Amino acid sequence: MSNIHTKNSSLNCKSRFNEMFGDPVLNDMGWEIETLDKVGTIGRGVSKYRPRNASELFGGIYPFIQTGDVANSGNYIVDYHSTYSEFGLKQSKLWDKGTLCITIAANIAKTSILAFDSCFPDSIVGFIPGERTNNMFIHYWFSYFQKMLESQAPESAQKNINLKILSELKVILPPLALQNEFADFVAQVDKSQFACQIVIKLWRNSLKSSII
């Protein structure tokens with residue numbers, strides 16, 4: 001039941017995006033256009049040490065996420081399954097909370113926003129918005145291009161796209177005030193979804209108690 005509510009919430013937000021901004025692929029509302037690299041800072045994650053699964057890299061206090069964590073998240077990445085040690089951190093980079101994570105290998109162009117500072121490998125790209133956009137807007141904007149980017153990814157042992165392709169994507173740029181209004185709408189939907197999940201959890205717990 002909670003999964004259905006999550007899906008409906010996402011559809012509501014995408015519908016709202018369409019109402020406010022139109023189709024970003026067609027730009028049917030005639031917004032200003034700029035390439036992604038001109039509206040923020042974009043860069044690949046870092047994981048220099050080999051082998052990547054060396055035990056000395058892990059077990060510390062620094063969150064480390066991978067493509068699956070991004071692909072399986074909603075608007076925000078709120079959980080992680082691995083941590084880097086001090087040694088792991090030295091060969092990587094700690095990205096700030098609020099960074100938009102974009103997968104470029106295996107799962108193509110899946111996006112989610114970090115809810116905590118975290119490291120990630122070069123199969124994930126980090127995007128930090130500049131003064132003309134915000135990450136919730138860019139997160140939903142990406143959803144219109146995800147299938148297209150995935151279909152264009154070269155077939156190999158593992159599908160992937162490069163940083164240049166992402167950097168040159170054309171972004172529509174409605175006024176920042178409108179983008180922020182959309183982000184506020186998403187925040188309200190998220191709040192409603194969280195409240196619904198709490199109610200469902202309490203209902204399930206009471207149902208279990210009555211059965212016992």
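The sequence shown begins at 1 in full-length UniProt numbering and counts up by one.
Yeah, the Cβ is synthetic: ideal placement off N, Cα and C, and Gly gets one too.
Note that the coordinates shown come from a computational prediction; the quantities given were computed from them, not determined experimentally.
Practice item. Excluding the 5 residues preceding and the 5 following N162 in the sequence, name in chain order all residues of the same chain whose CB lies nearer than 6 Å to its CB. Key: none
Exercise for review: Give me the Cα-Cα distance between C13 and N135, rounded to the nearest whole angstrom.
Suggested key: 14 Å
Exercise for review: With DSSP as the reference, label F64 as helix, strand or coil.
Suggested key: strand
Check your understanding: Quick one: what's got a C-beta closer than 8 Å to L89's C-beta in the same chain, skipping five residues either side?
Key -> G60, Y62, C119
Review point. Is W31 helix, strand or coil when you go by DSSP?
Key: coil
Check your understanding: Is the beta carbon of D122 sitting closer than 8 Å to the one on R52?
Key -> no
Review point. Considering only residues of the same chain and omitting the five flanking positions on each side of T41, which have a CB-CB separation below 6 Å?
Key: I128
Review point. Which stretch, first to last residue, makes up the beta strand (DSSP E) that contains F127?
Key: 124 to 129
Practice item. Let me know the secondary structure DSSP gives R16 once reduced to three states. Key: helix
**Study point:** Reference E131, options P175, A109, Y76, closest by Cα
**Key:** P175
Review point. Can you name, in chain order, every residue of its own chain whose Cβ lies under 8 Å from the Cβ of L173, other than the five neighbours on each side?
Key: W31, E32, I33, E34, V39, R132, T133
Check your understanding: Between which two residues does the beta strand (DSSP E) carrying N107 extend?
Key -> 107 to 114
Check your understanding: Do you know whose CA, among L36, D37, L57, lies nearest V46's CA?
Key -> L57
Check your understanding: Nearest CA to the CA of D79: which residue from F21, F17, S112?
Key -> S112
Practice item. Give a yes or no on whether the C-beta atoms belonging to S9 and V189 are separated by under 8 Å. Key: yes
Exercise for review: Would you grab the beta carbon distance between S92 and Y84 for me? Rounded to a whole angstrom, and I think it's under 8 Å.
Suggested key: 6 Å
Review point. Considering only residues of the segment 139 to 194, which uninterrupted beta strand (DSSP E) runs meet the minimum length of 3 residues and lie entirely inside it, listed in chain order?
Key: 170 to 173
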